[in-house]
Structures are given as C-alpha cells and as structure tokens.
Ligand code: BES
Ligand code: MN
Ligand code: ZN
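Numbering (our numbering), first residue to last: 44 to 534.
1. What is the C-beta distance between residue 481 and residue 456, in whole angstroms, given that I count them as a contact (C-beta under 8 Å)?
2. DSSP three-state call for residue 252: helix, strand or coil?
3. In chain order, what residues of the same chain have a beta carbon less than 7 Å from the beta carbon of residue 465, not counting five sequence neighbours either side?
4. Whole angstroms are fine: how far does the CA of residue 439 sit from the CA of residue 158?
5. Out of 409, 248, 477, 418, state which residue places its alpha-carbon closest to the alpha-carbon of residue 302.
6. Count the other CB atoms, across all protein chains shown, that sit within 10 Å of the CB of residue 467; report buried if there are 16 or more and exposed otherwise.
7. Which class does residue 428 belong to by DSSP, given the choice of helix, strand or coil?
8. Alpha carbon to alpha carbon, how far is residue 341 from residue 91?
9. Compute every distance between the C-beta of residue 387 and the non-hydrogen atoms of the ligand ZN, then say whether any falls below 7 Å.
10. Which one of 315, 362, 420, 282 has the shortest CA to CA distance from residue 354?
11. In whole angstroms, give me the CA-to-CA distance for residue 436 and residue 187.
12. Scan the segment 184–271 and note each continuous alpha helix (DSSP H) run of 4 residues or more that stays entirely inside, going in chain order.
13. Please state if the CB of residue 364 and the CB of residue 315 are separated by a distance shorter than 8 Å.
14. Mind checking which residues open and close the alpha helix (DSSP H) that includes residue 176?
15. Taking DSSP as the reference, what is the three-state secondary structure of residue 56?
16. Please report the straight-line C-alpha distance between residue 491 and residue 174, rounded to a whole angstrom.
17. Taking DSSP's pairing of strands, which residues face residue 495 in a bridge?
18. Check whether the segment 151–165 touches the segment 487–501, counting contact only when three or more Cβ pairs, one atom from each stretch, lie closer than 8 Å.
19. Can you check whether the CB of residue 327 is closer than 8 Å to the CB of residue 225?
20. What separation, rounded to the nearest whole angstrom, lies between the Cα atoms of residue 414 and residue 86?
21. Just tell me which of 278, 61, 386, 335 has its CA closest to the CA of residue 216.
22. Between the Cα of residue 203 and those of 51, 412, 386, spot the shortest distance and give me the residue it belongs to.
23. So, for residue 122: in the same chain, excluding its five sequence neighbours on each side, which residues have a beta-carbon less than 8 Å away from its beta-carbon?
24. Which whole-angstrom value is the C-beta distance of residue 311 and residue 384, which I expect to be below 8 Å?
25. Compute the Euclidean distance between the alpha carbons of residue 539 and residue 511, then round it to the nearest angstrom.
26. Starting from the Cα of residue 235, find the closest Cα among 277, 223, 228 and give me that residue.
27. Please tell me whether, using a cut-off of 7 Å, the distance from the CB of residue 291 to the nearest non-hydrogen atom of the ligand ZN is below it.
28. Count the other C-beta atoms from every protein chain shown that fall within 10 angstroms of the C-beta of residue 528, then say buried if there are 16 or more, exposed otherwise.
29. So is the beta-carbon of residue 267 under 7 Å away from any non-hydrogen atom of the ligand BES?
30. What alpha helix (DSSP H) runs, 4 residues minimum, are completely inside the segment 55–85?
31. Is the beta carbon of residue 22 less than 8 Å from the beta carbon of residue 176?
32. Identify every residue that forms a DSSP beta bridge with residue 153.
Shown next, in the form of structure tokens:
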C-alpha cells in the first residue's frame, strides 16, 4: 500500500473510490460538498436520500458513479463537536474496508482537518487505514491476501505532509509487530524467539541489544524471575534493547514489558472454564508492546534515550517447578512467599523493575497482562493505570487519548498492601480477590526505589474477540501507540 499526501481535492481527484467524511452538520449539502454533488451529477444527494444517511459515526454508503470516479462513498463522522482523533481513525478504517469490499485499487479520502492540525490529521488517517488493512495469515494454509487489491491511498487536501505519513508508517510497523507477536502461538513465540526478534530489531534499526542469560541473571540475584522460569524447558532470556539518539538525549526513559510467552499457571494450574489457559500465549503482550515501540522509535529517531526491557520466560509445570509456598529472593534482597504460582508476572517484573531502576532513567513504565481482576474492574477495552506520580500518570493518560487507546487511572491504596503480609517472608505474591489489580500494583511498587514509575495492566485490551474498526478480531497491539506518543511528547 502506498500513501500520498495529495494537493488534489474531492473536486479534482480521480480514481476507483472517493470517500468523503460527512459530519452531521454538513447536511444538507452546501459549498464544496454541493460542488461535489454537481461533479457527480447529483448522485451524492441521491445516495444520501436513498440510504436516509444521517452521518452517524461508523455509518457509510456507496454508489456507482463511473467516469473519473468509479465509486463515491460517504462515511459518517457524527456531530462535528465530537470530532476527535479517534473518530477520524475509525472513519479511515471504515473507508478502507469499504474500498476493499468494493474491489477498489485506488482510494481518495476527503476528511475534515482535526483541531487545525493537518499533521496530526494526516498521521491519524494513515494509521486507521494501515491498521484496518492488516491481516495476519501466517498460520493459514491459504496465504492469498484479500487486501492485495487496495494499493494507492490519497489523503486529499493534505499536500506536503509526507513526514506525518512516514511517522504513521513507523508507528503502525510497531503496532503490527506487537500484534503478530501476541497472535503467534506459544510454540512459535518462545523466550528464545522473542530474544531473536529483539536481535532483528537491533540489527535492522541500529539499536544495541544485551540478552542476559540464566547465569547472568543468577549472578544478579534475580531469584523471583528465575523462580518462575524453573519449570520451563526453554532457557529464560532477559532482553535489554537500547535506543540512543545522536547527540545528548533530552531525556532517558525505560519501558518494561511482561514477557510470559505462555502462562499455564504453574502448579496452581489454570483449570476449568474461564481460566483462558488456551489464550495464555498473549501473556507476553507487554513485551510485545515494548518491542513494537522499539521498532517505531528506532525509525522515528527522537532525542530521547529509551531502554526496552523484558524478563522473558514461560510459566510451566515439571519436577523443577517452583512449589506453592516457595520463598524467593528478588535482586533487591526482598523475600517473597509464593502463595500462588499463577501470580507469576509480578515475580518476573520485580527483577526487571529492580534492573531498570538502576539505569538512572528519568521515568519508567511497565506494561503487563497482569491480572484477571483488572478485566473485572475495567472490562476488555480499558487498561488500568497505576502510578504514585500524578505528573507521569497525567502524561500517559494524555498520550493514550491521542493514540486512541483507553486507559483509566486506578488507586494505589497503600492499606491494601496488608493483604500481601506474610508470616514467614517480606511479602506474599498474592492477596485476596477484592482489589486484585491494586495489590498487584502495590507488589510491583516494592521493587521500585529511585525512579518515577507507572504500571499499566493491559490484560483486557491486549486481545479482542470483536471486529472493531481498525482492530480486527485477535491481537490488538495495545500499548505501542500510547508509548510512542508518550516518548515523543516527553520533555
Ligand atoms: N496472566 C494472568 C492474568 C490474565 C488473566 C491475563 C486473564 C489475561 C487474561 C496472570 O498471570 C494471572 O494468572 N493472574 C492471576 C493472579 C491471581 C493468582 C492473584 C489472576 O488474575 O487470576
Ligand atoms: Mn498467571
Ligand atoms: Zn500471567
């Protein structure tokens, strides 16, 4: 697919499918739109009348014109006062899917400009189209792509914004990498292949990679992480990718992702209906988001040093498995009574946070498919945001809003740490069921000493069964867009 930031308008562009975005206020047609109606010999008005088109967000209609424009389509944008980046992104996805359905090779998109920002409008439309058209057929025997048809996309009346098209392409590269890592089964994405993916990113885009093998992790005293890794036949891989800008970095940041390539639950095995054991390939969604962000950032090249970290492993069962009741010592010396082997993500993150804390960065954010309790609290579309730091929480919330990823701040209720009190060790790894996502965040906080930190529980939005505009069912790549936006806007 090729994108062009075109100086043509809906009155001059010609091609297979012209899609015009209409807000509720643009009806009845006036000005430019009535000129377009004339150009189309009145077919635009006919289309609106015949389909009783009210420009509701998500609605669309298409009619055959013939001649310079083969098909003319309209996409509803809702009320113009509600127009935001997310409605543009979704409308762009509707336009692309419509053009594909109509077997169009060239698509012209004529949408209003958001907030006097042609730059952001360009980026957002391109994101919506690219992400909507991504399909993953790697594991199907019939690999013929049904999107082969759509090849040329022109963003009309947006001349000269090539840099924003490029930014969109870099961001989408990252989102698609994250989706494909999450969607791949646990016999394909393992700790070993995840480290290979990090090596590919390093090689392709000039980042430095350090992979700490088991012996090095032992030397650093990473007993919590290695406790989880014990039952796996796969070696643990502690991944540390670094992007260093040319010149002096404006800021230094670290991203940490939970990297469980499969979570069986361990001896507290995930059993019975609703345990979702068969979906636990997605338990590396945090690591996927972090590697996706690495791929995007390495291409966008901001003035910020960024560390991308994941303590990758599987949570398995064998004679070597950690026992429920084991006491582990993390690399900061704190001891943990493992009262539930299925609360493994926080054990791996504990050592990853201690490691990242020592890098001397200005802020660090971890992403983790950490708790079912967060899904109970916020549902499948919204991630939980936990941070003792209001400024960082606000910056992430704003980044998520621009990126079109839903994020909701949760309380770090210190008192709930009582639920993790252990008789024999410094803490247990699992508290009572109520407030389960909060106790998980409070557990992580024990492993952060010096660095401004936030935690995102992405257990809900990492995967979606629903077809949702630019997210087709399956892995969403959640987190990449928010992280990239946050890094680019951080001062
Ligand atoms: N990976 C799971 C959390 C999860 C559950 C992610 C469902 C996505 C969908 C995590 O390791 C886990 O098992 N958490 C337990 C914690 C409990 C034992 C305190 C949970 O949420 O049940
Ligand atoms: Mn688990
Ligand atoms: Zn897990």
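All C-beta atoms in this analysis are idealised placements derived from N, C-alpha and C, irrespective of residue type, glycine included. Computed from a predicted model, the values in this text were never measured in an experiment.
If we stick to the structure as given:
1. If you number the chain shown from 1, residue 481 lands on position 438. If you number the chain shown from 1, residue 456 lands on position 413. Rounded, the Cβ-Cβ distance is 6 Å, consistent with contact.
2. Taking the chain shown and counting its residues from 1, the one referred to as residue 252 is at position 209. Of the three classes helix, strand and coil, the one that applies to residue 252 here is strand, per DSSP.
3. Walking along the chain shown from the start, residue 465 turns up at place 422. Excluding sequence neighbours, residue 465 sits near 380, 471.
4. Within the chain shown, numbered from 1, the residue matching residue 158 stands at position 115. Within the chain shown, numbered from 1, the residue matching residue 439 stands at position 396. In a straight line, the C-alpha of residue 158 is about 21 Å away from that of residue 439.
5. Numbered from 1 along the chain shown, position 259 holds the residue referred to as residue 302. Comparing Cα positions, the closest option is 409.
6. On the chain shown, position 424 is the one that residue 467 refers to. The residue in question, residue 467, is exposed, as its Cβ has fewer than 16 Cβ neighbours within 10 Å.
7. Within the chain shown, numbered from 1, the residue matching residue 428 stands at position 385. Residue state, collapsed to three classes: strand.
8. To locate residue 341, count along the chain shown from 1; it is residue 298. To locate residue 91, count along the chain shown from 1; it is residue 48. Answer to the nearest angstrom: the Cα atoms are 45 Å apart.
9. Along the chain shown, one-based indexing puts residue 387 at 344. Yes, Cβ of residue 387 sits closer than 7 Å to a heavy atom of the ligand ZN.
10. Within the chain shown, residue 354 is the residue found at index 311, counting from 1. Here the closest residue by C-alpha is 282.
11. Sequence index remark: in the chain shown, residue 436 carries index 393 (1-based). Sequence index remark: in the chain shown, residue 187 carries index 144 (1-based). Looking at the two C-alpha atoms, the distance is approximately 44 Å.
12. 205–226, 234–248, 257–262
13. Walking along the chain shown from the start, residue 315 turns up at place 272. Walking along the chain shown from the start, residue 364 turns up at place 321. Contact flag unset, no.
14. By 1-based counting over the chain shown, the position of residue 176 is 133. Residues 161–176.
15. For the purposes of this step, residue 56 is taken as residue 13 along the chain shown, with counting starting at 1. It is coil, neither helix nor strand.
16. Here residue 491 corresponds to residue number 448 of the chain shown, with the count starting at 1. Here residue 174 corresponds to residue number 131 of the chain shown, with the count starting at 1. Distance between the alpha carbons of residue 491 and residue 174: 35 Å.
17. Locating residue 495 in the chain shown gives position 452, counting from the first residue. In DSSP, residue 495 forms a bridge with 406.
18. no
19. Here the question's residue 225 lines up with position 182 in the chain shown. Here the question's residue 327 lines up with position 284 in the chain shown. Contact flag set, yes.
20. Counting from 1 along the chain shown, the entry for residue 414 is found at position 371. Counting from 1 along the chain shown, the entry for residue 86 is found at position 43. So the two alpha carbons sit approximately 53 Å from each other.
21. As a working note, residue 216 is residue 173 in the chain shown. That would be 335, whose Cα lies nearest to the Cα of residue 216.
22. Working through the chain shown from its first residue, we reach residue 203 at position 160. Per the Cα distances, 51.
23. The sequence position of residue 122 within the chain shown is 79, counting from 1. These residues qualify, in order along the chain: 66, 67, 68.
24. To locate residue 311, count along the chain shown from 1; it is residue 268. To locate residue 384, count along the chain shown from 1; it is residue 341. Yes, residue 311 and residue 384 are in contact; Cβ-Cβ is about 5 Å, under 8 Å.
25. In the structure as shown, the chain begins at 44 and stops at 534. Residue 539 is therefore absent and cannot be evaluated.
26. For the purposes of this step, residue 235 is identified with residue 192 of the chain shown, where counting begins at 1. Nearest C-alpha to residue 235: 277.
27. Along the chain shown, one-based indexing puts residue 291 at 248. Result no, Cβ not under 7 Å from the ligand ZN.
28. Locating residue 528 in the chain shown gives position 485, counting from the first residue. Buried: at least 16 other Cβ atoms inside 10 Å.
29. For the purposes of this step, residue 267 is taken as residue 224 along the chain shown, with counting starting at 1. No, the ligand BES has no heavy atom inside 7 Å of this Cβ.
30. 74–82
31. No answer is possible for residue 22: the residues shown for the chain start at 44 and end at 534.
32. Here residue 153 refers to the residue found at position 110 of the chain shown. Paired residues: 63.
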